[in-house]
Amino acid sequence: MSARTSHPSIPAEALARQARLGAALHAMETVGPSLEPACLQVLRSGIATGALPDQEIWIQTLQREDLVEEAAELLRASRRGAEDLALIQSLGSRLVPLAAKAQQRRTALWQLDTRRTRVRLEYAKENSVVGFDDGDLHALFIQAFRLEGLPLALDLGKRPRPLLSMGCPLPAGVGGQAEYMDAALKQEPAEDPAQVMARLNRRLPDGLRIHAWNVLPGFASEIGDLALRSLWRWEVPADQRAAAEAKTAAFLAAESWPWDRGTAKADASLDLRSLITSMHWESDALCFATRMGAFQAINPLKMLGALLGLDPASLTGLVRQSVELKPDARMGQAERFEPKLKNMYEDAVLLGGGSNIVLVDDDDDEPIRLG
C-alpha cells in the first residue's frame with residue numbers, strides 16, 4: 016500500500032471503501048470489451064506501458080473525434096501512476112493548449128449544440144453497493160458510461176468534468192429504491208432506452224440498477240430544486256424494537272425535539288419535529304418522511320440516531336423508498352429557456368432568403384456555417 020493511501024489521517028473505513036471501489040471499477044472492465052473510443056484506449060495503454068505509437072496521427076485522431084479535452088484530463092489524472100512521466104509531460108505540453116482551444120470553442124457554441132441530450136435516470140442502490148457513498152456511485156456510473164461507449168458531455172468548468180449529477184445525496188450505509196441521477200450525453204444513443212439501460216446494468220456492480228430513462232429538455236430544473244420529501248423505511252432489529260417504540264412514541268407526542276449537532280455553525284441546532292413530517296410502524300419496520308429543500312444534505316443515519324439516542328454507525332438497513340418531487344414549472348415555459356437556434360434560422364430566411372449565418376472563431380481556419 017502506498018504512503019498516500021495509508022496516511023494516518025484517513026480513517027480505516029474510508030480506506031476499505033476505497034479498496035472496494037477500486038475492485039468494483041476493475042471488475043466492470045472484465046465484463047466485456049471496452050467500447051470507449053479507440054484513441055482514448057490507446058492513451059490508457061500508453062500511460063500504463065510508457066509507449067504511444069505515432070503521436071502525430073494519434074493527436075490528429077483526437078482532434079477529428081473531438082476528444083482532446085477528455086485526453087488532456089485523462090493525462091492529468093494519470094500522472095501519479097504513469098509508467099513514463101516524461102511521456103506524460105511531453106503529451107501534456109501538446110494537449111493542454113489544444114484542450115484550452117477546444118473548450119473555448121465548445122463554450123461559444125454551447126447554446127447552439129442541439130445534439131447534446133439530457134437524461135434523468137432512476138436507479139436502485141441495494142445489497143453489496145449500500146456501503147458506497149455518492150462519490151463512489153458517481154465514479155461507478157461514469158465508468159459504466161465510458162466502457163459502454165456512451166460519451167458524456169463535459170461541463171464548462173476550468174477543469175471540465177462529465178455532466179453527471181447524483182440528485183439527492185445518500186450516504187454510505189443507506190440504500191435507495193428510486194434514486195435520481197441526471198446525465199448529459201454528447202448525443203442521443205442510437206438504441207432505444209431499454210437496450211441502453213440493459214447495457215449499463217450489465218456493466219454495473221450487483222445492487223446498482225437503472226430502471227427508468229427519461230429524456231428531458233436542457234432547461235429542466237435540477238432534482239435538488241424539485242425535491243419535497245424523502246420516504247424512508249428502517250427494518251428494526253428485534254433487540255432494538257422495544258426501545259425504538261418508546262422513543263418514537265415520545266417523539267410523536269412532543270411538540271419539538273431539539274437536535275444539537277455539536278458544530279460551530281449558526282444552524283447547528285435543529286428541531287427534528289420540523290424535519291420529520293410523519294412516522295408510523297409497518298410490521299417490524301419504522302417508516303417516516305423527512306422534509307427536503309434546504310435540509311436535503313442532512314445525513315439520515317445521524318438524524319435517526321439523534322431521534323433514537325443511538326450511534327449512527329450502529330444503524331443498518333435504512334432505505335429511502337422514494338423522493339417526492341414537485342412539478343417542474345420550467346417544463347411549461349419552454350419558450351423562455353429553449354436555445355434560440357431555431358429563431359436564428361428563421362431570421363436568416365426572412366432577411367436573406369436562406370441561412371447565411373457564419374460563426375467565426377478567430378483562431379480557427381474553418382468557420383462554422385449554419386444552414
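Numbering of the sequence shown is given in our numbering, commencing with residue 16 and proceeding in unit increments. Glycine is no exception: its CB is placed at the ideal position from the N, C-alpha and C atoms.
Helix or strand or just coil, what does DSSP make of F303? strand
Using the DSSP secondary-structure output, state which residues sit across from W296 in a beta bridge. L301
In angstroms with no decimal places, state the Cα-to-Cα distance between R43 and Q158. In the sequence as presented, Arg is not what sits at residue 43; that position holds Met. About 8 Å.
Determine the contact status of F160 and A205, defining contact as a CB-CB distance below 9 Å. no
I'd like the span of the alpha helix (DSSP H) that includes S108, first residue to last. 100-123
Any heavy atom of the ligand ATP closer than 8 Å to the beta-carbon of I225? Among the ligands in the structure shown, none appear at all, so the ligand ATP cannot be discussed.
How long is the line joining the alpha carbons of E163 and E51, rounded to whole angstroms? 7 Å
Assign C240 to one of three DSSP states: helix, strand, or coil. Residue 240 is actually Asp in this sequence, not Cys. Three-state result, D240: helix.
Using a Cβ-Cβ cut-off of 8 Å (strictly less than) and excluding sequence neighbours within five positions of S143, which residues of its own chain qualify? P220, D221, G222
Between the beta-carbon of W247 and the beta-carbon of T305, is there less than 9 Å? yes
Using a Cβ-Cβ distance cut-off of 9 Å, determine whether P273 contacts chain B. No chain B appears in the structure shown, which is made up of a single protein chain.
Assigned secondary structure, N229 (DSSP; H/G/I helix, E/B strand, else coil): strand
9 Å Cβ cutoff met for A139 and G191: yes
Measuring alpha carbon to alpha carbon, tell me which residue in L82, I25, A66, V334 is nearest P177. L82
Neighbour-count burial assignment, M318, 16 or more Cβ in a 10 Å radius: buried
Reference D299; option with closest CA among R133, R256, L323: R256
CA-to-CA distance, S105 to L113, given in whole angstroms: 13 Å
Within the chosen definition, does the stretch 285-300 reach the stretch 254-272 through at least 3 CB pairs nearer than 8 Å? yes
Distance, T331 Cα to E141 Cα: 12 Å
What are the boundary residues of the beta strand (DSSP E) that includes Q192? 190-200
Which class does R79 belong to by DSSP, given the choice of helix, strand or coil? helix
Let me know if W125 comes out buried or exposed under the rule of 16 or more other beta-carbons within 10 Å of its beta-carbon. exposed
Could you name the residues of the same chain whose beta carbon sits closer than 7 Å to that of P273, not counting the 5 residues immediately before and after it, in chain order? S284, D286
From the DSSP secondary-structure annotation, give me the bridge partner or partners of E163. Answer is none; E163 lacks a bridge partner.
Rounded straight-line distance, which links the Cα of C183 to that of G277: 24 Å
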